[in-house]
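K.L.:
Residue numbers (our numbering): 246 to 469.
Just so you know, even glycine gets a beta-carbon here, dropped at the ideal spot from N, CA and C.
Take a look at the structure:
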């Protein structure tokens with residue numbers, strides 16, 4: 246897998262437009278040996294040909310112009326960008342979508358906790374669903390999820406089910422969700438969780454379902 250860091254700064258970039266702290270002001274005055282940084286976004290590819298964009302920062306146009314692997318291909322129009330995955334709905338993570346309005350298919354689906362949303366390829370309507378899904382899954386399978394300290398996974402005898410407890414309430418889980426979260430202890434990758442579940446339940450094709458659930462779990466803050 247190849248990962249390109251397009252930007253690594255917080256909202257507003259570095260130096261921030263309205264900040265005169267020692268770091269931002271020092272960079273402007275030339276007192277620091279540092280380089281300006283654009284707002285956070287990365288591009289991920291499993292084959293160097295098709296790329297998944299994680300977050301679309303307001304600097305996206307400049308980021309693409311400065312990144313040859315993301316330049317248009319073909320005689321006229323085209324792009325190796327195939328999908329966008331938004332980690333949340335903050336302005337500095339979504340404003341760059343305006344730069345993609347002419348060609349990249351984007352669709353909102355499955356709102357997460359608070360303002361977080363998951364955006365991805367609209368599937369059959371763009372004809373690239375298998376590729377977009379494989380790129381998103383590849384970026385997830387190597388992660389080693391662990392439960393957020395805000396949530397506690399436990400079995401409730403009264404309801405005869407596993408639940409997630411948190412200060413504001415409780416989430417009741419089905420059997421599949423509980424089996425996945427039981428294995429999110431930071432020692433296993435998502436791929437290892439998939440392998441264990443497939444062996445335990447005699448199923449050979451659980452990867453897509455596990456990845457869908459894990460994407461939602463990350464978006465809701467259940468796992469880190």
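Whose C-beta lies closer than 7 Å to the C-beta of residue 424 among residues of the same chain, with five residues either side of it excluded?
P.N.:
Indexing the chain shown from 1 puts residue 424 at position 179. Same-chain partners within the cutoff: 442.
K.L.:
For residue 452, does the count of other Cβ atoms within 10 angstroms reach 16, so buried, or fall short, so exposed?
P.N.:
Walking along the chain shown from the start, residue 452 turns up at place 207. That one is buried.
K.L.:
Which residues bound the beta strand (DSSP E) around residue 406?
P.N.:
Residue mapping note: residue 406 aligns to position 161 of the chain shown, counting from 1. That run of the beta strand (DSSP E) goes 406-411.
K.L.:
Would you report the Cα separation of residue 393 and residue 299, rounded to the nearest angstrom?
P.N.:
By 1-based counting over the chain shown, the position of residue 393 is 148. By 1-based counting over the chain shown, the position of residue 299 is 54. For residue 393 and residue 299, the distance between alpha carbons rounds to 22 Å.
K.L.:
Candidates 256, 387, 252 and 454: which alpha carbon is nearest residue 283's?
P.N.:
Here residue 283 refers to the residue found at position 38 when the chain shown is read from its first residue. Ranking 256, 387, 252 and 454 by Cα distance to residue 283 puts 252 first.
K.L.:
Should the region 256-272 be regarded as contacting the region 308-323, the criterion being three or more beta carbon pairs within less than 8 Å?
P.N.:
Counting Cβ pairs under 8 Å, fewer than three are found: no touch.
K.L.:
In this structure, how does DSSP classify residue 291 when only helix, strand and coil are distinguished?
P.N.:
Working through the chain shown from its first residue, we reach residue 291 at position 46. Coil, per DSSP.
K.L.:
Does the Cβ-Cβ distance between residue 302 and residue 337 come in under 7 Å?
P.N.:
Your numbering for residue 302 matches position 57 in the chain shown. Your numbering for residue 337 matches position 92 in the chain shown. Contact flag set, yes.
K.L.:
If residue 388 sits next to residue 430, beta carbons under 8 Å apart, how far is it from one beta carbon to the other, in whole angstroms?
P.N.:
Taking the first residue of the chain shown as 1, we reach residue 388 at position 143. Taking the first residue of the chain shown as 1, we reach residue 430 at position 185. Actually they are not in contact, since the Cβ atoms of residue 388 and residue 430 sit about 13 Å apart, beyond 8 Å.
K.L.:
Below 8 Å on the Cβ atoms is my contact criterion, and I expect residue 410 with residue 396 to pass it. Report the Cβ-Cβ distance as a whole number of Å.
P.N.:
For the purposes of this step, residue 410 is taken as residue 165 along the chain shown, with counting starting at 1. For the purposes of this step, residue 396 is taken as residue 151 along the chain shown, with counting starting at 1. Sure, about 7 Å apart at Cβ, within 8 Å.
K.L.:
Where does residue 246 land, buried or exposed, given buried means 16+ other C-beta within 10 angstroms?
P.N.:
Position 1 of the chain shown, counted from the first residue, corresponds to residue 246. Classification for residue 246: exposed.
K.L.:
Mind checking residue 248: buried by the 16 CB within 10 Å criterion, or exposed?
P.N.:
The sequence position of residue 248 within the chain shown is 3, counting from 1. Looking at its Cβ environment, which holds fewer than 16 other Cβ atoms inside 10 Å, residue 248 is exposed.
K.L.:
Which of the three DSSP states is assigned to residue 389 in this structure?
P.N.:
Residue numbering aside, residue 389 sits at position 144 when the chain shown is read from its first letter. Three-state DSSP puts residue 389 in coil, outside helix and strand.
K.L.:
Do residue 468 and residue 462 count as a contact pair if the criterion is CB distance below 7 Å?
P.N.:
As a first step, residue 462 is located in the chain shown; it is residue number 217 there, counting from the start. As a first step, residue 468 is located in the chain shown; it is residue number 223 there, counting from the start. A contact, by the Cβ cut-off of 7 Å.
K.L.:
I need the straight-line Cα distance from residue 460 to residue 448, nearest angstrom please.
P.N.:
The residue labelled residue 460 in the question sits at position 215 within the chain shown. The residue labelled residue 448 in the question sits at position 203 within the chain shown. So the alpha carbons of these two residues sit roughly 21 Å apart.
K.L.:
Would residue 296 and residue 325 qualify as a contact pair, given that the criterion is a beta-carbon distance under 7 Å?
P.N.:
One-based indexing of the chain shown puts residue 296 at position 51. One-based indexing of the chain shown puts residue 325 at position 80. Taking 7 Å as the Cβ cut-off, residue 296 and residue 325 qualify as a contacting pair.
K.L.:
Give me the Cβ distance between residue 329 and residue 287, rounded to the nearest whole Å; I'm assuming they're in contact under 8 Å.
P.N.:
If you number the chain shown from 1, residue 329 lands on position 84. If you number the chain shown from 1, residue 287 lands on position 42. The Cβ separation is near 12 Å, so there is no contact.
K.L.:
Residue 275 and residue 304 look like a contact to me (Cβ under 8 Å); what is the Cβ gap, rounded to whole Å?
P.N.:
Taking the chain shown and counting its residues from 1, one reaches residue 275 at position 30. Taking the chain shown and counting its residues from 1, one reaches residue 304 at position 59. 22 Å between Cβ atoms; not a contact.
K.L.:
Rounded to whole angstroms, what's the CA-CA distance from residue 445 to residue 314? Just pull it up for me.
P.N.:
Translated into the one-based positions of the chain shown, residue 445 becomes position 200. Translated into the one-based positions of the chain shown, residue 314 becomes position 69. Rounded to the nearest angstrom, the two C-alpha atoms are 41 Å apart.
K.L.:
Helix, strand or coil for residue 282, going by three-state DSSP, please let me know.
P.N.:
The residue labelled residue 282 in the question sits at position 37 within the chain shown. DSSP places residue 282 in strand when its eight states are reduced to three.
K.L.:
Rounded to a whole number of angstroms, what is the C-alpha to C-alpha distance between residue 398 and residue 417?
P.N.:
For the purposes of this step, residue 398 is taken as the residue at position 153 of the chain shown. For the purposes of this step, residue 417 is taken as the residue at position 172 of the chain shown. Rounded to the nearest angstrom, the two C-alpha atoms are 10 Å apart.
K.L.:
Give the single residue among 260, 327 and 402 whose Cα lies nearest to the Cα of residue 292.
P.N.:
Position 47 of the chain shown, counted from the start, is the residue given in the question as residue 292. Residue 327 is the option with its Cα nearest to residue 292.
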